[in-house]
Amino acid sequence: MKLHVFELERWQSKWENRVRYNLSESGVHPLKVNELLGGEDVEFLNHSLGYSQTNGTEELRKAIAAIYPRADMENVLVTNGSSEANFVAMWSFLERGVEVVVMLPNYMQIWGLAKTFQAKVKSFRLREMHGEWKPDIPALRRAVGRRTKLIAVCNPNNPTGAVMCEAAVDEICEIAEKADAWILSDEVYQGAELDGVAAPTFWGRYRKAIVVNGLSKAYGLPGLRIGWIVTTRELAEKLWAYHDYSTIAPTTLGDYLARKALEPEMRVKILARTREILQANLPIVEDWVEKHQADFSFIPPRAGAIAYLKYKLKVNSSRFADRLLREKSTLIVPGDQFGMDGYLRIGYGSPRECLTAGLNRIGEMVEQVKKER
71 MKLHVFELER WQSKWENRVR YNLSESGVHP LKVNELLGGE DVEFLNHSLG YSQTNGTEEL
131 RKAIAAIYPR ADMENVLVTN GSSEANFVAM WSFLERGVEV VVMLPNYMQI WGLAKTFQAK
191 VKSFRLREMH GEWKPDIPAL RRAVGRRTKL IAVCNPNNPT GAVMCEAAVD EICEIAEKAD
251 AWILSDEVYQ GAELDGVAAP TFWGRYRKAI VVNGLSKAYG LPGLRIGWIV TTRELAEKLW
311 AYHDYSTIAP TTLGDYLARK ALEPEMRVKI LARTREILQA NLPIVEDWVE KHQADFSFIP
371 PRAGAIAYLK YKLKVNSSRF ADRLLREKST LIVPGDQFGM DGYLRIGYGS PRECLTAGLN
431 RIGEMVEQVK KER
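For the sequence shown, the working numbering begins at 71 and goes up steadily by one.
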């Protein structure tokens, strides 16, 4: 088995803690422990550092289930981040020749895993239509057939920040139903909608849905490494066995702090903080794009701390990002890593001073590239 390199994650992991201005992150500036605990927490300080319940404590799984109508803790598997959730779900389905259909663009983890396991991978795309990114439903209908085992989607979407409407979600469910295929829906940006209206979930709409989420993006808690899968009881039990072979268990302190984050009042407070950051910072990006409209355009994101910019410069996106990294100590994600040269993904969830300074350096790099033509 030949590993299909996860270029986006390798790029970020290598450089994000070594640059001065990191605009590659797709979540908001993280919370601190004391913001969750509200000061001294004796229980936290006295917490045993033994193994936690390997599929997540009952308390945490109940808190997660409460987010999803008609779910209970037996529908939930807690993982080390939503990345592990995607991994164990895909691992359980993939083998040589299995047919999967993947929405593009996306985070590319699922795409890379499918390629690594030598599955037969088909795709359908989000298209720019009437000022929005929308799924190409006719293309999905053409791609899905009786051999299709899984349809993978990302809603809200990374890197575009698009949110699929209820009708599109229902159409995807209908297509999956006809093929008797599972739907794997990465919903890790749910809760980070700028208008505060939650993106539609696939949970409860389709009998063979696998919903992935976690605390890294909308909650601003990536360091906890807490993700989850919500699915049928039978599949949750099956995926737990795969989890036994990967990380075994979430961390004890991560599980504890996740329970604090998902207490109803705290959850509302955290998601409100996320929206406030996004609503304050997106206009900075919009103003910057307006200033550079001769070279850049974009469809404003509806969710997530990511802006997907289209550019007209005569330079490859990876080449531009590499020069920006080395000459300006500023990190962004090139469109090449989503299979879409001519685009750049910029994270705008960082502190405003960092965002402004990083954008200024992108502007400087643009001017240098134009002078060199």
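We put the CB at the ideal spot given by N, CA and C, even for glycine.
**OP:** Would you list the one or two residues that DSSP bridges to glutamate 236?
**Re:** Answer by DSSP bridge pairing: none, since glutamate 236 is not bridged.
Original post:
So which of Arg277, Ala328, Thr302 and Asp392 has the shortest CA-CA distance to isoleucine 296?
Top reply: For the residues Arg277, Ala328, Thr302 and Asp392, the minimum Cα distance to isoleucine 296 belongs to Ala328.
Original post:
CB-CB under 7 angstroms to glutamate 154, same chain, minus the five flanking residues each way: which ones, in chain order?
Top reply: Gly297, Ser316 and Thr317, listed in sequence order.
Subject >> CB-CB length for tryptophan 81 against valine 439, believed under 8 angstroms >> reply: Their Cβ separation, rounded to whole angstroms, is 20 angstroms, which puts tryptophan 81 and valine 439 out of contact at 8 angstroms.
**OP:** Measure the C-alpha to C-alpha separation of glutamine 188 and methionine 435 and round it to an integer number of angstroms.
**Re:** Cα-Cα distance, rounded: 39 angstroms.
Original post:
In the structure shown, what three-state DSSP assignment does lysine 380 receive?
Top reply: DSSP places lysine 380 in the strand class (E or B) of the three-state scheme.
Original post:
Whose C-alpha, out of Arg90, Glu244, Gly324 and Ser83, is nearest the C-alpha of arginine 396?
Top reply: Selected option, being the one with the closest Cα: Arg90.
Original post:
Over what stretch of residues does the beta strand (DSSP E) that includes tyrosine 413 continue unbroken?
Top reply: Tyrosine 413 -> beta strand (DSSP E) spans 413-417.
**OP:** Give me the Cα-Cα distance between isoleucine 416 and glycine 274, rounded to the nearest whole angstrom.
**Re:** Spanning the two alpha carbons is a distance of roughly 33 angstroms.
**OP:** Give me the Cα-Cα distance between tryptophan 310 and serine 162, rounded to the nearest whole angstrom.
**Re:** Approximately 10 angstroms, taken between the alpha carbons.
Original post:
Buried or exposed: glutamate 257, going by 16 or more other Cβ atoms within 10 Å of its Cβ?
Top reply: Burial state of glutamate 257 is buried, judged by a 10 Å Cβ sphere holding 16 or more other Cβ atoms.
Original post:
Is methionine 178 near phenylalanine 76, with beta carbons less than 8 angstroms apart?
Top reply: Yes, the Cβ-Cβ distance between methionine 178 and phenylalanine 76 is below 8 angstroms.
Subject >> Option in Glu437, Pro139, Val281 and Ala246 with minimal Cα separation from leucine 394 >> reply: If we check each option's Cα against that of leucine 394, Glu437 comes out closest.
Subject >> Burial state of leucine 341 (16 or more Cβ within 10 Å) >> reply: Looking at its Cβ environment, which holds 16 or more other Cβ atoms inside 10 Å, leucine 341 is buried.
Subject >> CA-to-CA distance, glycine 201 to threonine 302, given in whole angstroms >> reply: One C-alpha to the other measures close to 37 angstroms.
Subject >> C-alpha gap between phenylalanine 157 and lysine 278, whole angstroms >> reply: If you take the alpha carbons of phenylalanine 157 and lysine 278, they lie about 18 angstroms apart.
Original post:
So what does isoleucine 299 bridge to, in DSSP terms?
Top reply: Per DSSP, Leu147 and Val282.
Original post:
Given a threshold of 16 other Cβ atoms within 10 Å of its Cβ, counted over all protein chains shown, does arginine 131 qualify as buried or as exposed?
Top reply: Arginine 131 comes out buried.
Original post:
By Cβ distance below 7 angstroms, which residues in the same chain neighbour glutamine 260 in space, the five residues on each side in sequence not counted?
Top reply: Taken in chain order, the residues that qualify are Pro226, Ala268, Ala269, Thr271, Asn283 and Ala288.
**OP:** Evaluate contact between the stretch 241-252 and the stretch 209-223, counting only Cβ atoms and requiring at least three cross-stretch pairs below 8 angstroms.
**Re:** Yes, since at least three Cβ pairs between the stretch 241-252 and the stretch 209-223 fall closer than 8 angstroms, the two stretches touch.
Original post:
Buried or exposed: which applies to tyrosine 413, given that a residue is buried once 16 or more other Cβ atoms fall within 10 Å of its Cβ?
Top reply: By the neighbour-count definition (other C-beta atoms within 10 Å, threshold 16), tyrosine 413 is a buried residue.
Original post:
Would you say tyrosine 418 and isoleucine 369 are within 8 angstroms of each other, going by their C-beta atoms?
Top reply: No, the pair does not count as a contact, with Cβ atoms beyond the cut-off.
Subject >> Between the CA atoms of valine 223 and valine 112 - distance to the nearest angstrom >> reply: CA-to-CA, the gap between valine 112 and valine 223 works out to about 42 angstroms.
**OP:** Can you grab the Cα-Cα spacing for the pair leucine 210 / serine 118, in whole Å?
**Re:** Answer to the nearest angstrom: the Cα atoms are 49 angstroms apart.
Original post:
In the structure shown, what three-state DSSP assignment does asparagine 104 receive?
Top reply: Assigned with DSSP and collapsed to three states, asparagine 104 falls in helix.
Original post:
Got a sec? Which residues, its chain only, sit under 8 angstroms from arginine 422 by beta carbon, not counting five neighbours each side?
Top reply: Leaving aside the five residues that flank arginine 422 on each side, the residues in its chain whose CB is nearer than 8 angstroms to its CB run, in chain order, Ala350, Asn351 and Ile354.
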